[in-house]
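See below for the structure under consideration.
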Amino acid sequence: MKKEYIKKDLIKQYLKDNNLSKTAFCKKCKISPATFKKIIEQDMNVNIVSIFKIAFAMEIRVHEIFCDKK
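Per the working numbering, the very first residue in the sequence shown carries number -11; after that it's consecutive.
Structure, rendered in structure tokens:
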């Protein structure tokens, strides 16, 4: 099982709560659909700038996106 480092459920819940499609969310965050896919699939090659863009769009602090260490 792959270790999660991004709270992808938080992002998915945001999409649901705000009635956003993945495409609309990508436009709001100014990220590509490929970057969104990398984040959801927990690809370690995601640019940190993309994480900042998502946090800004979701109006949360960057550290809230990351999973707690276990």
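Glycine included, every Cβ here is placed at the ideal spot set by N, Cα and C.
Own chain, CB closer than 6 angstroms to residue i, minus 5 neighbours either side, in chain order
i	result
Asn7	none
Leu3	Phe13
Environment of residue i [buried if 16+ CB atoms lie within 10 Å]
i	result
Ile53	buried
Ile27	buried
Ile36	exposed
Phe24	buried
Span of the alpha helix (DSSP H) around residue i
i	result
Val50	Unbroken run through Val50: none, as it is neither H nor E.
Cys55	No alpha helix (DSSP H) holds Cys55; DSSP gives it neither H nor E.
Ile19	That residue, Ile19, is in no alpha helix (DSSP H); it is neither H nor E in DSSP.
Lys(-4)	-4 to 5
Neighbourhood of residue i by C-beta distance below 7 angstroms, restricted to the same chain and skipping five residues each side
i	result
Arg49	Ala43
Ile39	Val50, Ile53
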